[in-house]
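Each residue of the sequence shown is one higher than the one before, counting from 1 in this note's numbering. As C-alpha cells, the structure follows; a few thoughts come after it.
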Amino acid sequence: MHMVSRYGIFCKVIENGNFTKVAKEVGYSQSAISQSIKALEQELGTILIDRKKEGITLTDDGKSFYPYIQAIFHAELSLKQRQQEMKGLEHSVIRIGTFTSVSRNILPQLMKSFKSLYPTVNFVLKQGEYTSIKKWILHGEIDFGFVNSDVVSGINMEFLYRDEMMAVLPKHHKLANLPIISLDQLAKESFILLDEGRHSVIMHAFADYKLEPQIEYKVYDDYSILAMVKQGLGISAMYSLVLNGFEDGLAIRPIKEHPERNVALAWQNWDTMSLASRKFVEFIKENFVFVQEK
C-alpha cells in the first residue's frame, strides 16, 4: 500500500467522482477517505465537496482551491519521482528536442554510452526546428533541446559546436568543377531549400547579400534533399555534419561566405529539470568532442 496525502486523495476523488473507487485504488477504507477529505476541509476552513445522492461535485470554494490542491499533489508526485531517480536514475525518461544532424551524428553514440551507465534510462527524441524546440522547452514538453543560438533567445543556453553550410550539387553539375562556390552562384541555380522554419540560415545569408535564390523546392527532411540533388532536381546548401558519409554521387563544396549556425544546448530551469536529464546534459558536454571526431 502506497501512502497518499490528503491532497492526492482529494484529487483522486474529484477525478473518479466516487469515494469507493478511490478507497480500492489506494487501499484505504471508505471512512478513511472521507476523514481525509474532512481533514483537508478543516485545514482550509471551508467545504470543498458537495455530497449528493446523484454524486460528488465541487463547491464554489472547492473549484477555487482545486487547481492549487492539484499543484501540491503533482509536486508530491514529482518529489517521489526524484527520489526514485536518485536510486540510479531507474526508469527515468529523458525527452530531447533535436534536428537531423544531431539525431544522426551526435546523439546515438552518446545515448548508447549513457545507457551503459544507466541501463533502464529511456530516451524520447522529438524532431523539429529551432522555434518549435524552444516552444516545447517552455511548455515542458521536452526536458532540453538543441537550438541555433543565433536565432533563439529568452532561454538558458550553452554553446556546443559550430556547423557550417556546404554547397551540395549533383556530381556532374557545371559548378562542381569549382573548388569553392559563392552565394551569388548558388542563387542563379534551381535551389532546394532546407526548411528551418522562420530562421533559415541560408536565406538570411542570401538576404545579407541582397540575393534572391530560385527556390524550386522547400523540404524539411535532409535526406530527401540529398536524394533530390542526386536526381538532378536542383542544388542545395546543407550542414556539414549531415553530409558525413553521404558524399557518394554528390559534389560537396565550401561556400565562399561561410553561412553557419551555432548549435547550443537549451533548457528552461536547470534546478527543476529531472536529475536524469541534467546528468545527460553534463554527459553530452563532457563527451561531445570525442563523438564529433568520430
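The C-beta atom is built at its ideal place from N, Cα and C for all residues, glycine as well.
Can you name, in chain order, every residue of its own chain whose Cβ lies under 6 Å from the Cβ of residue i, other than the five neighbours on each side?
i	result
F283	F114
S101	Y239, L241 and V242
V22	K12, V13, N16 and I33
S36	R6 and I9
K126	G97 and I142
Q292	At Q292, the pLDDT of 45 sits below 50, so the modelled position is not reliable and the matter cannot be decided from this model.
Counting along the chain, where does the alpha helix (DSSP H) carrying residue i start and finish?
i	result
L183	L183 to A187
K12	R6 to N16
P108	L107 to L117
E43	Q30 to L44
A23	F19 to V26
Y223	D222 to K230
F206	V201 to D208
W307	Outside the displayed span of the chain (1 to 294) sits residue 307, for which this structure offers no information.
Please name the residue, chosen from the options, that lies closest to residue i on a Cα-to-Cα basis.
i	options	result
T131	G140, I142, V151 and P119	V151
A167	H173, S29 and I252	I252
E257	A227, F280 and A207	A207
I69	V229, E41 and P108	E41
V213	F191, F246, L226 and Q231	Note that residue 213 is Pro in the sequence shown, not Val. It is F191.
G245	L44, R104 and T57	R104
Which whole-angstrom value describes the C-beta separation of residue i and residue j, a residue pair presumed to lie in contact below a C-beta threshold of 8 Å?
i	j	result
G55	G17	6 Å
F123	I155	Contact flag wrong, Cβ pair sits at about 21 Å.
I215	L183	Wrong, their Cβ atoms sit about 14 Å apart, outside the cutoff.
Q185	L169	Contact doesn't hold; Cβ gap of about 10 Å is too wide.
E260	E164	4 Å
I96	W267	About 10 Å separates the two Cβ atoms, so there is no contact after all.
I47	T59	5 Å
L233	Y223	With 8 Å as the limit, L233 and Y223 do not qualify as a contact, their Cβ atoms being about 14 Å apart.
Taking only heavy atoms of the ligand SAH into account, decide whether any of them is closer than 7 Å to the Cβ of residue i.
i	result
R82	Because no ligand of any kind appears in the structure shown, any question about the ligand SAH cannot be addressed here.
What does a CB cutoff of less than 8 Å around residue i pick up in its chain, not counting 5 residues either side in sequence?
i	result
L160	F146, V263, A264, L265, I284, K285 and F288
G197	E129, Y130, T131 and S132
To which residues of the same chain is residue i closer than 7 Å at the C-beta, ignoring the five residues directly before and after it?
i	result
F19	V13, Q30, I33 and S34
A276	E85, L89, S92, I94 and V121
S149	M157, F159, N262 and A264
K171	G249, L250 and A251
Y220	D195
M1	Bear in mind that a pLDDT of 44 at M1, under 50, signals an unreliable position, so the number given afterwards is only what the model happens to contain. Counting only Cβ-Cβ distances below 7 Å, and skipping sequence neighbours, we find G27.
P254	M166 and I180
At what residues does the beta strand (DSSP E) containing residue i begin and finish?
i	result
A176	From DSSP, A176 is part of no beta strand (DSSP E); its letter is neither H nor E.
V168	N156 to P170
S190	S190 to L194
I'd like to know if the region 233-241 and the region 193-212 are in contact, where contact means that at least 3 CB-CB pairs between them fall below 8 Å. yes
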